[in-house]
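*Asks:* I'd like to ask some things about the structure below.
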Amino acid sequence: MFGRLVAKGKAGIKIMKYNFKEIEAKWQKTWQEQKLYKTPDYPKKDKYYVLVMFPYPSGDIHMGHFRNYIIGDAIARYQKMLGKDVLHPFGWDAFGLPAERAAIQRGLHPAEWTLKNIGISRSTLQKTEISYDWSREIISCNPDYYKWTQWMFLRLFEHGLAYRKKGWVNWCPEDKTVLANEQVVNGACERCHTPVVKKEQEQWYFKITDYADRLADDLDKLKDWPENVKTIQREWIGRSAGAEIDFIIKETGEKLPIFTTRPDTIFGVTYMAIAPESPLLDRLNIEGDFKQRAEAYKQQVLMRSEIDRASTVGEKDGVFTGKYAINPFNGKEIQLWVADYVLAGYGTGAVMAVPAHDSRDFLFAKKYNLPIEVVIQPDKNTKLNLATMEDAYTEYGIMVNSGEFNELVGEDAIMKVTQFAEQKGIGRKKINYKLRDWLISRQRYWGAPIPIIHCPQCGLVAVPDKDIPVILPNVQNFLPKGRSPLADVPEYMNVNCPKCGSTAQRDPDTMDTFVCSSWYYLRYVDPHNDNIPFDKDKASAWLPIDKYIGGISHATGHLMYFRFFYKFLRDIGWLKDDEPALSLFNLGMVMDANGELMSKSAGNVVSPIDLLERRGIDITRLSMFFTAPADRQISWSNDYIVGVEKFITNRFYPIIEFYRGTNPDLKKYFRQMNLDKYEKDIYIKLNQTIKRVNDDYNYMQFNTAISSLMELVRDYESPKISNNDLNDYLILKSILLIAPMAPHLAEEMWQKCGRKDSVFDGNWPDYDKNALQFDLVNIAVQINGKVRGEIQAVRDISEAEVLEKARSEPKVAEYLKGKEIIKKIYVANKLINIVIK
RNA sequence: GCGAAAGUGGCGGAAUUUGGUAGACGCGCUGGACUUAGGAUCCAGUCCUUCGCCGGGUGGGGGUUCAAAUCCCCCCUUUCGCACCA
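Numbers 5 to 841, taken from my numbering, label the letters of the first sequence in order.
Printed below as a string of structure tokens:
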């Protein structure tokens, strides 16, 4: 109906073409002049902090970035329309290895390459008119930013949370640097996929394990985080409760504590095993042939890559050390082995082996013919038979062959055994974590220098706050050599100790880029402060982040680190609450038409610019929103534009043709007024749409927001509305509803309707709560649960009347003929189910 | 292997929060109208089966219920996470 009116250009109505180029240019200019996106230092009204994870500038931005940013943008604009002060900043995670690779390959300095990419990306991004306050832009490789990254390091250092430790680390032979656990994926370097090898080195760590309990416990406070992210973090922290029990090395009497979650199996220990990398091994003084074999075994294990080790899970091997240990519970002597399946970094690097009740120990014992002793029975009537057992019995059960502990069961047994150990001083309760301390030093150039000086007299000395930033010196050669390129710059390395003045050396390493990204969201509240990293009052006014948008790939890395930093800064008085982000939203990735992830390395990057120029920013945005829910992965194809483009150019934009110039009061409700049937219906539809679209913005369901707007416009037939106020009211509210997703379009329509303010000026529409329901309802009639008919009735009709009406439906009557009604279920205004026999 | 999430038309996806008329909205497709023509626009149709009624249908099988896409159990598939954590 409506469409025809437009197509035929009814007399007197001038058809307006949707000229996006003109419209978009016009509003971009106006908004820039108005400084529409300028955020105040302190929010004067309710605040909303929406943040999208800052990108690494590897080239130009692509469709994937574009999708991310328009999602944040729609939320920012929606919140602004709700009348809040919105902080929506942007910046660049600018340190990192690809810049060094580019330096090596193309002879560009990493800074040059990075800043050039930032320039290109920024210019693309600014063309997309995302509502960033660009005056707050940060670039993490600039000294005015990394000065404060170094400041963070110094605070951690003075609180004993940044420390050096020698240990077995993950080493990437390609990038020639160490990696954090979080950067090793399936035994390979996250970035270059080279198999990682173990090296023993002294490195810098942040003591994130001190925060393990809080990081785990506070996950419960994150009500609006996706469950899967919380699960991944919980498992990564890997808290497990058990006991530490002191075995004794027979020869020396030295204590050999081990961690176990199953103290109830203590009487079934038939051997012990030590990790090959464990320093314990050297202290054992293994002799003769045993020494040779143990050494050879250790070397062989160290040669194997992580991938190799992972692929042979299930195949266990090891060698006997010739040494014995004593079980403190029963005084039994047991063999001490070195075994690959024991991890040096977990617990104490040694285990008590209970083959009957642990699958790994079972395999190992079978392989080397070590004794197996059953000390747990599943229940009173079931007995484990050693001869026929094919695997260990690892469930809880009843203790047997365990002296005075016999007949104790499950958790109670564990508790009693642990208590006994505590009383005798041979053990204690213990909680262990899979989480390791965060290794943050890198032997590479393009990162924030570690602000520490190694003094032969004073040891590790912090660079005084007044001397930061420690500026990254200029270097010519970036080829990785296994040590930091900074080590070869004597002007940089040689300094005087700030404490004693004697000749000393700087720490040559740089920090992991994840350190930079652990606090960037704080700098945005006060990006130009030269004296402190951020103003405490500004931070407490804006934080926590209300909506944090990013990819799920950061679940165990960044999203753990930034929570750790936030808690630490709170502890030292810089912040007020526990968690940096109240709500986390996982974005769906954008794949190309073949289902491949768009990335620079895959070479299938599609720039949004071409599309934006041909179809317009708003049409492109709406198309992406409409294609799928924001958290779902999509394979982008320009075909997705067709429907939305038709909707906007043929349906939505032309509704302003029907505007009658009444400039209605948008706070007014029409429900109680004299409206005819059609007017009433469309008014109800409008209010249902307002409610739905509003909910959809809150649930990040932009696709259904657009479809309900399509429905509204489909049902809207201006000539049928005689109330001019209502007609204009509907048009203006529709414009507001689409504004967060299609800003230029909405602002243009708004202005064409004679409005002088901006759509974004706190104009979000409320719905008329009394106008969500039609007076007439359709009630489904079911016979035995199957829909057999439908009746129309006035709202809130009685059950008896519904039944009466249903019976008079011919089709329903047919079914009821000669049958007995056993039961009726009536769901008010919706459905009646008649059960017959 | 362990853990988590998810399987709905030819396609993207609604409805799952609260069990209550499955397939909203859009693409594509089919037919028609207007046109010299149209990949423009409009109208009608489009889960399967059927001329129509009837019947069937949300990965497969079972169950709970007056009523199941939605809740429970088993199986299959896909995706993601963890990969010897004692």
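C-beta atoms are modelled at their ideal positions from N, C-alpha and C, and glycine is treated no differently.
#1: Does ASP97 pass the burial test, meaning 16 or more other C-beta atoms within 10 Å, or should it be called exposed?
#2: Under 7 Å Cβ to Cβ from ARG81, same chain only, skipping five residues before and after it: list those, please.
#3: Going by DSSP in three states, LEU679 sits in which element: helix, strand or coil?
#4: In the DSSP output, which residue or residues are listed as bridge partners for PHE210?
#5: Give the single residue among ILE330, ILE236, VAL342 whose Cα lies nearest to the Cα of GLU281.
#6: Which of the three DSSP states, helix, strand or coil, is assigned to ASP362?
#7: What does the alpha-carbon distance come out to for the pair GLY431 and PHE424?
#8: Nearest by alpha-carbon distance to TYR771: which of LEU749, GLN692, CYS757 is it?
#9: Give me the Cα-Cα distance between ILE212 and GLY486, rounded to the nearest whole angstrom.
#10: With a Cβ-Cβ cutoff of 8 Å, do THR666 and ASP729 count as a contact?
#11: Rounded to the nearest angstrom, how far is the Cβ of ILE262 from that of PHE271, given a contact under 8 Å?
#12: Using the beta-carbon count (16 or more within 10 Å), is ALA348 buried or exposed?
#13: State whether the segment 352–361 contacts the segment 276–294, with contact taken as three or more CB pairs (one from each stretch) at a distance under 8 Å.
#14: Given that a residue counts as buried once 16 or more other Cβ atoms are within 10 Å of its Cβ, and exposed if not, what is GLY822?
#15: Can you tell me where the alpha helix (DSSP H) with PHE94 in it begins and where it stops?
#16: Is it buried or exposed, LYS302, if we count other Cβ atoms within 10 angstroms and call 16 or more buried?
#17: Out of curiosity, what's the CA-to-CA distance linking LEU388 and GLN207?
#18: HIS842: buried (16+ other C-beta within 10 angstroms of its C-beta) or exposed?
#19: Pick helix, strand or coil for GLY123, following the three-state DSSP scheme.
#20: Using DSSP with H/G/I as helix, E/B as strand and the rest coil, what is LEU183?
#21: Quick check: the Cα distance between VAL839 and ASP221, rounded to an integer number of angstroms?
#22: Could you tell me which whole beta strand (DSSP E) segments of length 3 or greater appear in the segment 725–787?
#23: Consult DSSP for ASP416 and reduce its assignment to one of helix, strand or coil.
#24: Pull up the distance between the alpha-carbon of ILE826 and that of VAL781, whole angstroms please.
#25: Pick helix, strand or coil for GLN461, following the three-state DSSP scheme.
#26: For PRO114, which three-state DSSP category applies?
#27: Taking only three categories from DSSP, how would you classify TYR663?
#28: Could you tell me whether the segment 174–193 touches the segment 121–139, using the rule of 3 or more Cβ pairs below 8 Å?
#29: Give the DSSP-derived three-state secondary structure of TRP138 in the structure shown.
#30: Do ILE402 and VAL519 have their beta-carbon atoms positioned less than 8 Å apart in this structure?
#31: Assuming the contact rule is C-beta atoms closer than 8 Å, ALA634 and ILE75 should be a hit. Round their C-beta distance to whole Å, please.
#32: What is the C-beta distance between ASN4 and VAL378, in whole angstroms, given that I count them as a contact (C-beta under 8 Å)?
#33: Taking all protein chains shown into account, decide if THR560 is buried (16 or more other Cβ within 10 angstroms of its Cβ) or exposed.
#34: Rounded C-beta distance between MET595 and ILE638? I'm assuming under 8 Å.
#35: When DSSP labels each residue in this structure, what does MET3 get in the three-state scheme?
#36: For MET356, which three-state DSSP category applies?
*Replies:* This is what the structure gives:
#1: Stepping through the first sequence from its first residue, residue 97 is reached at position 93. Buried.
#2: Translated into the one-based positions of the first sequence, residue 81 becomes position 77. Excluding residues within five positions, the ones whose Cβ falls inside 7 Å are SER135, ALA743, PRO744, PRO747, PHE764.
#3: Taking the first residue of the first sequence as 1, we reach residue 679 at position 675. Coil at LEU679, not helix or strand.
#4: For this step, residue 210 is matched to residue 206 along the first sequence. Answer by DSSP bridge pairing, in chain order: ALA166, TRP442.
#5: Residue numbering aside, residue 281 sits at position 277 when the first sequence is read from its first letter. Nearest C-alpha to GLU281: VAL342.
#6: What you label residue 362 is simply residue 358 of the first sequence in a count that begins at 1. Coil at ASP362, not helix or strand.
#7: Residue mapping note: residue 431 aligns to position 427 of the first sequence, counting from 1. Residue mapping note: residue 424 aligns to position 420 of the first sequence, counting from 1. For GLY431 and PHE424, the distance between alpha carbons rounds to 8 Å.
#8: Within the first sequence, numbered from 1, the residue matching residue 771 stands at position 767. Nearest of LEU749, GLN692, CYS757 to TYR771, Cα basis: GLN692.
#9: Here residue 212 corresponds to residue number 208 of the first sequence, with the count starting at 1. Here residue 486 corresponds to residue number 482 of the first sequence, with the count starting at 1. Approximately 26 Å between the Cα atoms of the pair.
#10: In the first sequence, residue 666 corresponds to position 662, counting from 1. In the first sequence, residue 729 corresponds to position 725, counting from 1. Going by C-beta atoms, THR666 is nearer than 8 Å to ASP729.
#11: As a first step, residue 262 is located in the first sequence; it is residue number 258 there, counting from the start. As a first step, residue 271 is located in the first sequence; it is residue number 267 there, counting from the start. Wrong, their Cβ atoms sit about 15 Å apart, outside the cutoff.
#12: Position 344 of the first sequence, counted from the start, is the residue given in the question as residue 348. By the 10 Å Cβ count, ALA348 comes out buried.
#13: These segments touch.
#14: Translated into positions along the first sequence, residue 822 becomes position 818. Answer is exposed; the Cβ neighbour count stays below 16.
#15: Mapped onto the first sequence, residue 94 falls at position 90. Where PHE94 is concerned, there is no enclosing alpha helix (DSSP H), given that its DSSP letter is neither H nor E.
#16: As a first step, residue 302 is located in the first sequence; it is residue number 298 there, counting from the start. The residue in question, LYS302, is buried, as its Cβ has 16 or more Cβ neighbours within 10 Å.
#17: Within the first sequence, the letter at position 384 stands for residue 388. Within the first sequence, the letter at position 203 stands for residue 207. Roughly 49 Å between the two C-alpha positions.
#18: Nothing can be reported for residue 842, as the shown portion of the chain is limited to 5 through 841.
#19: Along the first sequence, one-based indexing puts residue 123 at 119. GLY123 falls in the helix class under three-state DSSP.
#20: Your numbering for residue 183 matches position 179 in the first sequence. Note: LEU183 maps to strand in three-state DSSP.
#21: Within the first sequence, residue 839 is the residue found at index 835, counting from 1. Within the first sequence, residue 221 is the residue found at index 217, counting from 1. One C-alpha to the other measures close to 51 Å.
#22: 780–787
#23: Your numbering for residue 416 matches position 412 in the first sequence. Three-state DSSP puts ASP416 in a helix.
#24: Sequence index remark: in the first sequence, residue 826 carries index 822 (1-based). Sequence index remark: in the first sequence, residue 781 carries index 777 (1-based). Taking the straight line joining both Cα atoms gives about 26 Å.
#25: Numbered from its first residue, the first sequence carries residue 461 at position 457. Correct three-state label for GLN461: coil.
#26: Here residue 114 refers to the residue found at position 110 when the first sequence is read from its first residue. Helix at PRO114.
#27: For this step, residue 663 is matched to residue 659 along the first sequence. In the structure shown, TYR663 adopts coil according to DSSP, grouped into three states.
#28: no
#29: To locate residue 138, count along the first sequence from 1; it is residue 134. Correct three-state label for TRP138: helix.
#30: One-based indexing of the first sequence puts residue 519 at position 515. One-based indexing of the first sequence puts residue 402 at position 398. No; because the gap between Cβ atoms is not below 8 Å, this pair is not in contact.
#31: Start at 1 with the first residue of the first sequence, and residue 634 comes out as number 630. Start at 1 with the first residue of the first sequence, and residue 75 comes out as number 71. Confirmed, about 5 Å.
#32: This structure gives no information on residue 4, because the portion of the chain shown stretches from 5 to 841.
#33: Taking the first residue of the first sequence as 1, we reach residue 560 at position 556. Burial call: buried.
#34: If you number the first sequence from 1, residue 595 lands on position 591. If you number the first sequence from 1, residue 638 lands on position 634. So it is a contact: roughly 7 Å between Cβ atoms.
#35: Residue 3 cannot be examined here, being either before or after the span of the chain that is shown, 5 to 841.
#36: Position 352 of the first sequence holds residue 356. MET356: strand per DSSP, three-state reduction.
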